[in-house]
Amino acid sequence: MSELVTPAMRAWIGRSEPAIRFEVTRRDIVKYALATDQRLRKYVDGDEAPPMFLFGADRALSPLAALGPDGLRNDPLMPELPLKRVMAGGVKQRYFRALRPGDVVMIQRRLTDIYAKHGSSGPLIFIVYEIRVTDVDGDLVMLETQTRINR
């Protein structure tokens, strides 16, 4: 299995995208709360962002023409891999404080691991990212780990 992940691929570990600035607005919280059928008043009224509110907030908006046939955009933090089919491998989020309207956060994504395993359907390559969300003072707001699986 280890031959699937070459030293050149592993050299990508530690690369990160530039941090992006994201301002939390009441309107965005309300839109997200309605779209995800939130029930708690603090979310529906936009006083606090629900869990998963920031999921994908670090991704650029892309027109359909810029997406690949699988609906994904080119990922600048993924090396060329021999296995092309991308699947979600899981998300873990750890919150350190709530997000409220007017909060400004910095979001930065970093590639933290690449490894191979053999699954029931054949070889798999796992790509692990860490997304750090900090406030303007640098205090941690959320830490997220995302895993992608290529087969």
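Read in this note's numbering, the sequence shown has 357 at position 27, and its numbers run on one by one without any break. Don't be surprised by glycine CBs; every beta carbon is placed ideally from N, CA and C.
Item to complete: Would you tell me roughly how many angstroms separate the C-alpha atoms of Thr336 and Asp377, rounded to the nearest one?
Response: Straight-line measurement puts the Cα of Asp377 at about 47 Å from the Cα of Thr336.
Practice prompt. Could you tell me the distance, in whole angstroms, from the CA atom of Ala395 to the CA atom of Asn404?
Written response: 12 Å
Item to complete: Could you name the residues that DSSP lists as bridge partners for Ala395?
Response: Ala395 is not bridged to any residue.
Discussion item. Using a Cβ-Cβ distance cut-off of 7 Å, determine whether Thr355 contacts chain B.
Written reply: Judged by its chain identifiers, the structure shown contains no chain B, having just a single protein chain.
Discussion item. For the alpha helix (DSSP H) containing Arg340, name the first residue and the last one.
Written reply: Per DSSP, the unbroken alpha helix (DSSP H) holding Arg340 starts and ends at 337-340.
Worksheet item: Per DSSP, which one or two residues make a beta bridge with Thr330?
Response: The chain is shown only over 331 to 481; residue 330 falls outside these bounds and no answer can be derived.
Practice prompt. Could you give the DSSP three-state label for Pro361: helix, strand or coil?
Written response: Checking the displayed sequence, the identity of residue 361 turns out to be Lys instead of Pro. Looking at Lys361 - three-state DSSP - the assignment turns out to be helix.
Worksheet item: Under a Cβ-count criterion, where at least 16 other Cβ atoms within 10 Å of its own Cβ denotes burial, should Val466 be classed as buried or exposed?
Response: exposed
Worksheet item: What first and last residue would you give for the beta strand (DSSP E) that runs through Val435?
Response: Start and end: 434-449.
Discussion item. Residues in the same chain with beta-carbon distance under 7 Å from Arg427, minus the five sequence neighbours each way, listed in chain order, please.
Written reply: Val471
Item to complete: Closer than 6 Å by C-beta to Ala349: which residues in its own chain qualify, once you throw out the five before and the five after it? Chain order, please.
Response: Result list for Ala349: Met436, Gln438, in chain order.
Worksheet item: Tell me which same chain residues have a C-beta within less than 6 Å of the C-beta of Tyr373, skipping the five on either side of it?
Response: Ala363, Pro380
Worksheet item: Which first and last residues belong to the beta strand (DSSP E) in which Arg478 is found?
Response: In this chain, the beta strand (DSSP E) harbouring Arg478 covers 470-480.
Fill in: Bridge-paired residues (DSSP) for Pro348
Partner(s): none; Pro348 has no beta bridge.
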